[in-house]
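If you count by my numbering, then the sequence shown holds residues 9 to 123, one letter each, in order.
Glycine included, C-beta positions come from ideal geometry on N, C-alpha and C.
Read through the structure below, which is laid out as structure tokens, and then see the notes.
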Amino acid sequence: MHYQGDTKAGTLIAKDKFGNKYYENLEEELPLRTRWVDYKEKEFDPSQIEPGWHAWISYMVDKPPTQDPILQTGVRPWELPEHRPNFTASRGAFKTYSTVKPKIKAWTPEAAPRA
Numbered sequence: 009m010h011y012q013g014d015t016k017a018g019t020l021i022a023k024d025k026f027g028n029k030y031y032e033n034l035e036e037e038l039p040l041r042t043r044w045v046d047y048k049e050k051e052f053d054p055s056q057i058e059p060g061w062h063a064w065i066s067y068m069v070d071k072p073p074t075q076d077p078i079l080q081t082g083v084r085p086w087e088l089p090e091h092r093p094n095f096t097a098s099r100g101a102f103k104t105y106s107t108v109k110p111k112i113k114a115w116t117p118e119a120a121p122r123a
């Protein structure tokens, strides 16, 4: 669905550590449609966009992370060294396990025979 063969022309801004490529076309006439990402994997996960690139692609900042001195700090101590995918709304999502007896019981209708 996501690769329907739409053609876009733009300048390659940079490539991130996941292999995604970020593009920009400043000659486009539509506002807020001039930046996009070309994911490396066909089965992509949007959580693979790093925070700096997310801010740039969402028009929160003007400069891409490659030109922003604040984002040039590298990997911070609290960041994970590798990507951990987002399992929300998938079979791998976290589900709590409860040992408490439920307070509500499912109702099963029983039809009495007619006399």
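Query - For I65, the first and last residue of its enclosing alpha helix (DSSP H) - result: For I65, the uninterrupted alpha helix (DSSP H) segment begins and ends at P59 to I65.
Query raised in the report: So what's L79 in DSSP terms, helix, strand or just coil?
Result: The DSSP-derived three-state label of L79 is helix.
Query raised in the report: Looking only at DSSP bridge pairs, what is A22 linked to?
Result: Listed as beta-bridge partners of A22 by DSSP are Y30.
Query raised in the report: Candidates D46, K16, H62 and A101: which alpha carbon is nearest L38's?
Result: Residue K16 is the option with its Cα nearest to L38.
Query raised in the report: Excluding the five sequence neighbours on either side, which residues of its own chain have a C-beta within less than 8 angstroms of the C-beta of I65, listed in chain order?
Result: Its chain contains Y30, R43, W44, V45 and I57 as the residues whose beta carbon lies nearer than 8 angstroms to that of I65, once the 5 sequence neighbours on both sides are disregarded; these appear in chain order.
Requested in this report: Tell me where the beta strand (DSSP E) around G44 begins and ends.
Outcome: Residue 44 is actually Trp in this sequence, not Gly. Bounds of the beta strand (DSSP E) holding W44 are R43 to D46.
Requested in this report: Please state whether DSSP places S55 in a helix, a strand or coil.
Outcome: Three-state DSSP puts S55 in a helix.
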